[in-house]
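>
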Amino acid sequence: MFELEKISKSFNELTALADVNLKIAKEHTTVFIGPSGCGKSTLIRVLMGLIEPDHGVVHYEGVPVNADSAMLLRRRMGYVTQGGGLFPHLTAWRNITLMAQYLGRSGDDIRNRVNELLVLTNLSPDVLDRYPTQLSGGQRQRVALARALMLDPTVLMLDEPFGALDPIVRYQLQTDLRDIFRGLGKTVVMVTHDIGEAGFFGDHIVLLREGSIVQQGSIHDFVHRPSDPFVEHFISAQRTLLDSLEGGT
Amino acid sequence: MIIRLIMFIVAGLVIYWPSASRAGEDIKIGSKAFTESVILGEVIAHLARETGVGVYHHRQLGGTRVLWDALLAGEIDVYPEYTGTITNEILSGDGLVNEKDIHTALEKHGLAMTAPIGFNNTYAIGMLEETANRLGITKISDLRGNPELSFGFGNEFLDRGDGWPSLRAHYALPQRKVTGLDHDLAYRGLVSGSIDAMDVYTTDAAIMFYGLRILEDDLRHFPTYNAVLLYRVGGRENEVSVADFVHKLEGRIDESTMTRMNARVKLDGYSETLVAADFVADAFNIVVKVDDISWLAALWKNTCQHLKLVSISLTAALLFALPLGIVAARHPRLGQIILASVGIIQTVPSLALFVFMIPLVGIGGPPAMLALFLYSLLPVVRNTHAGLTGIAPDILEAAHALGLPAAARLRLVEIPMAGGTILAGIKTSAVINVGTATLGALIGAGGYGQPILTGIRLDDVGLILSGAIPAALLALLVQGIFETAERFIVPKGLRL
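This is the structure we're talking about:
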């Protein structure tokens, strides 16, 4: 689906991505993981053409992603960020349907699609008239997800989609989302810093550190065959707290 | 939604548009911003109307420079002037000595001058009788011995070739406390004791009223200021008729007649139109019916003129400033230049900006609108820029990520998000505009400034308030309208 060749990007001398080569498989869930500042959020934005790399090329199904092609390519991608990125001046309904209305889709098509999405994202219809500030955090993420899925995109991009949610809501949304991904058979790219989340969703996990890929593979590979001490440490650090609690009981 | 607002303003403009169409053939008369000049302007108007042509009198248009430029530009056809002002001020570099020289010099400008109309209104220095008595001052040379005296001079007198600079040099006067202020306000300064001496015109009614002592010009500094009419020759179809009637006034108004007319307006409160009508009835047996404009009709006329100034200049400013603000937000470096430029315009004193516009677009409404237009730019440009650059990055990114093109992002996301800030800028702009428009009267644009200006000239507080109060109310009304509009224009989601 995506092919990245020697992607580099710096912001004011600060290296975000250094010579990244990567292939992202179709209809799989790929998770970018790593500590803060490792370049994972930059990488997902480069895939969407929201950030232009200093060097290297991204191909989306053979088409290079650049200033000319990115806008149209993005209409085939859905995007959800940590806060949802909903437009505060529009109701949930307008947020979800903005792009479809802009593209001149018929009212019936739009209504039918929104009804499907309400079922899919487990949203009640009465949230549609509310503004983002009137929604709970979980509802905001579900609305953002419905907006991302409105045009039935080929690819779904999620940047820390659960980051701002409390644990119970997060767990519900995580399980709902995994079911959705499995059911839809879409190509999903997700960014997280949580190895558990990465293992929960990811068919393929890509660990980044200081702008470079350290290891990629399944969660099984990461746990059992860490490629270097950093990977081992990254995984064990996140497990220690839970293990110590379990050990204590 | 901004478009909706502009349509709303344009609709209002169409409704309030006063019937501005005056026939191009009208004789246009100008007068300076003091009572005598306005009376003479009205006398000319009555005489002109008698010949059957249409007449428009630009009352109290401004100072000498404004009138002279307007005459040269053909904005007016005739105005009352004084020989001393022509020789010492307007054409001071030409070394004119007698009237024949003046005629020759004027001819080069396509202008002509009548013979003197009969009175000499020269400058003089006046003091309160009791102050002059106490210090034993009777002539200007006596001032030399009292260096502690403070002077208050009209702004024009301070700068004129025959004004304070040459008076000081001629008499070697030592005084340092010299203030520039409005001529009519100077009388009040004199009475309140904040100044000791001022410049007066010898036909001023106030000399009698305040009991001023006129100091003898013992070293003969002030030239003769015979009143004459300056008018344009050629270039207009009705030029013959101008020359026809203006000469009727030659030698017809002596000093006591003029002083009496000034006193009737300034002290007795009659209108210039009425006093001038009484004069032409006496002198020429011309009966003029003076319609006393009712208080309400005057208010309505001023309101229409004021609204016209504000609505046209503000609409134009919005149409220009909104795109400019958007450009400034899109291109940071160009934006700095744009913001600096509109900022600089704002630092030009408003009165100066109004006067600067005269050579470009003449007198009356257009230069005032142009100046108001320039003044209205900054708040709108700055707030549009601030509103657009202040939108949270994740919102902008979300709009990008959807695949909306730039124009759609602007229309659907950025402008609605920045709407509150932009509207606040428009509101500031409108309120400033309403207030500043009162200065338009100084260059013949009318509006609420007209009664304020006349009120200052006639020392009539009621008249000042009849302009100042509606102007303040209009500013409040405008503010109220925009606050109501805010409720419809700023998206509900941003007000929660």
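Taken in order, these protein sequences are the chains called A and B.
My numbering applies: residue 1 is where the first sequence begins, and numbers increase by one.
My numbering applies: residue 1001 is where the second sequence begins, and numbers increase by one.
For every residue, glycine included, the Cβ atom is placed at its ideal position computed from N, Cα and C.
From a predicted model like this one, the values you see are computed outputs, not experimental measurements.
Tell me whether the segment 152-161 of chain A and the segment 184-199 of chain A touch, counting them as touching only if at least three CB pairs, one residue from each stretch, are closer than 8 angstroms.
Judged by Cβ distances under 8 angstroms, the segment 152-161 of chain A makes contact with the segment 184-199 of chain A, as three or more pairs qualify.
> Which residue or residues does DSSP assign as beta-bridge partners of LYS1139/B?
Answer is GLU1216/B.
> Can you round the beta-carbon distance between GLY1145/B and ALA1197/B to whole angstroms, since I take them to be within the 8 angstroms contact cut?
Their Cβ separation, rounded to whole angstroms, is 13 angstroms, which puts GLY1145/B and ALA1197/B out of contact at 8 angstroms.
> At a CB distance below 7 angstroms, what residues from the segment 67-82 of chain A approach chain B? Give them in sequence order.
The residues in question are MET71, LEU72, ARG74, ARG75, TYR79, THR81.
> Pop quiz: GLN134/A and GLY84/A are said to be a contact at Cβ under 8 angstroms. What is the actual Cβ separation, rounded to whole angstroms?
At roughly 13 angstroms, the Cβ-Cβ gap does not stay under 8 angstroms, so GLN134/A and GLY84/A are not in contact.
> Determine the closest residue to ILE219/A out of LYS9/A, ILE33/A, THR15/A, with distance taken between C-alpha atoms.
It is ILE33/A.
> Tell whether a beta-carbon distance below 7 angstroms holds between ASP1217/B and SER1141/B.
The answer is no: Cβ separation not under 7 angstroms.
> Counting along the chain, where does the alpha helix (DSSP H) carrying ARG1144/B start and finish?
Careful: ARG1144/B lies outside any alpha helix (DSSP H) and carries neither H nor E.
> Three Cβ pairs or more, each shorter than 8 angstroms: is that satisfied between the segment 1060-1076 of chain B and the segment 1286-1298 of chain B?
The segment 1060-1076 of chain B vs the segment 1286-1298 of chain B: no contact.
> Quick one: any contact between the segment 1113-1133 of chain B and the segment 1204-1213 of chain B, if contact means 3 or more CB pairs under 8 angstroms?
Segments in contact, yes.
> Any idea what DSSP makes of PRO1332/B, helix, strand or coil?
Note: PRO1332/B maps to helix in three-state DSSP.
> In chain A, which residues lie with their C-beta within 7 angstroms of the C-beta of VAL1413/B?
PHE87, listed in chain order.
> Is it buried or exposed, SER1194/B, if we count other Cβ atoms within 10 angstroms and call 16 or more buried?
SER1194/B is exposed by the Cβ-count criterion.
> Entirely within the segment 1096-1181 of chain B and at least 4 residues each: give me those alpha helix (DSSP H) ranges in chain order.
Taking only runs of at least 4 residues, the alpha helix (DSSP H) segments lying wholly in the segment 1096-1181 of chain B are 1099-1108, 1129-1135, 1155-1159, 1164-1171.
> Is ASP54/A closer than 7 angstroms to LYS23/A when the C-beta atoms are compared?
No, Cβ-Cβ distance for LYS23/A and ASP54/A is not below 7 angstroms.
> Using the three-state DSSP reduction, which class does GLN215/A fall into: helix, strand or coil?
DSSP places GLN215/A in strand when its eight states are reduced to three.
> Would you list, in chain order, the members of the segment 120-144 of chain A that have their beta-carbon closer than 8 angstroms to a beta-carbon of chain B?
Taking 8 angstroms as the Cβ-Cβ cut-off against chain B, the residues of the segment 120-144 of chain A that qualify are TYR131, PRO132, THR133, GLN134.
> Could you check what DSSP says for ASN1238/B in three-state terms: helix, strand or coil?
Low confidence applies to ASN1238/B: its pLDDT is 49, below 50, so where it sits in the model is not reliable enough to give any reading.
> Which residues does DSSP pair with TYR102/A in a beta bridge?
DSSP, once it has assigned bridges, lists no residue as partnering TYR102/A.
> Can you find a C-beta in chain A that's less than 7 angstroms from the C-beta of PRO1332/B?
False, the Cβ-Cβ gap to chain A never drops below 7 angstroms.
> Check whether the segment 1430-1438 of chain B and the segment 1052-1061 of chain B touch, using three or more Cβ-Cβ pairs below 8 angstroms as the test.
No, they do not touch.
> So, at 6 angstroms on beta carbons, what are the nonlocal neighbours of MET150/A in its own chain, with the 5 sequence-adjacent residues on each side left out?
The residues are ILE96, ALA100.
> Mind listing which residues of the segment 1395-1413 of chain B have their C-beta closer than 7 angstroms to chain A's C-betas, in chain order?
Listed by position, the residues of the segment 1395-1413 of chain B near chain A (Cβ gap below 7 angstroms) are ILE1395, GLU1397, ALA1398, HIS1400, ALA1401, LEU1402, GLY1403, LEU1404, PRO1405, ALA1408, LEU1412, VAL1413.
> Find the residues of chain B that neighbour TYR171/A, judging by a C-beta separation of less than 9 angstroms, and give them in chain order.
Chain B residues near TYR171/A: none, gap ~24 angstroms exceeds 9 angstroms.
> Residues of chain B with CB closer than 8 angstroms to the CB of MET99/A, please, in chain order.
Per Cβ cutoff of 8 angstroms: LEU1402, GLY1403, LEU1404.
> Where ASP1460/B and ARG1409/B are concerned, what is the direct C-alpha to C-alpha distance, given to the nearest angstrom?
Rounded to the nearest angstrom, the two C-alpha atoms are 56 angstroms apart.
> State whether the segment 1391-1400 of chain B contacts the segment 1474-1491 of chain B, with contact taken as three or more CB pairs (one from each stretch) at a distance under 8 angstroms.
They do not touch, by the three-pair rule.
> Which term fits LEU1453/B, buried or exposed, when burial requires 16 or more other beta carbons within 10 angstroms of its beta carbon?
Flag for LEU1453/B reads buried.
> Judging by CA-CA distance, which residue of ASP68/A, LEU50/A, ARG76/A is the nearest neighbour of MET1/A?
Nearest of ASP68/A, LEU50/A, ARG76/A to MET1/A, Cα basis: ARG76/A.
> Helix, strand or coil: which one does DSSP assign to HIS220/A?
Three-state result, HIS220/A: helix.
> Kindly say whether LEU1423/B, judged by its beta-carbon, lies nearer than 7 angstroms to any beta-carbon of chain A.
With 7 angstroms as the cut-off, LEU1423/B does not count as an interface residue toward chain A.
> Using a 10 Å radius around the Cβ and a threshold of 16 neighbouring Cβ atoms, would you call ALA1445/B buried or exposed?
Looking at its Cβ environment, which holds 16 or more other Cβ atoms inside 10 Å, ALA1445/B is buried.
> In three-state DSSP terms, what is SER1021/B?
For SER1021/B, the predicted structure reports a pLDDT of 37, less than 50, and the residue's modelled location is therefore unreliable. A value from the coordinates is still provided. SER1021/B falls in the coil class under three-state DSSP.
> Return the residue from the list MET1113/B, LEU1322/B, LEU1404/B that minimises the CA-CA distance to LEU1378/B.
Looking at the Cα atoms, LEU1322/B is the closest of the given residues.
> Quick check: the Cα distance between ASP1101/B and PHE1354/B, rounded to an integer number of angstroms?
One C-alpha to the other measures close to 34 angstroms.
> When the cut-off is 7 angstroms and only beta carbons count, does ASN12/A lie next to chain B?
No - not a single Cβ of chain B is within 7 angstroms of the one on ASN12/A.
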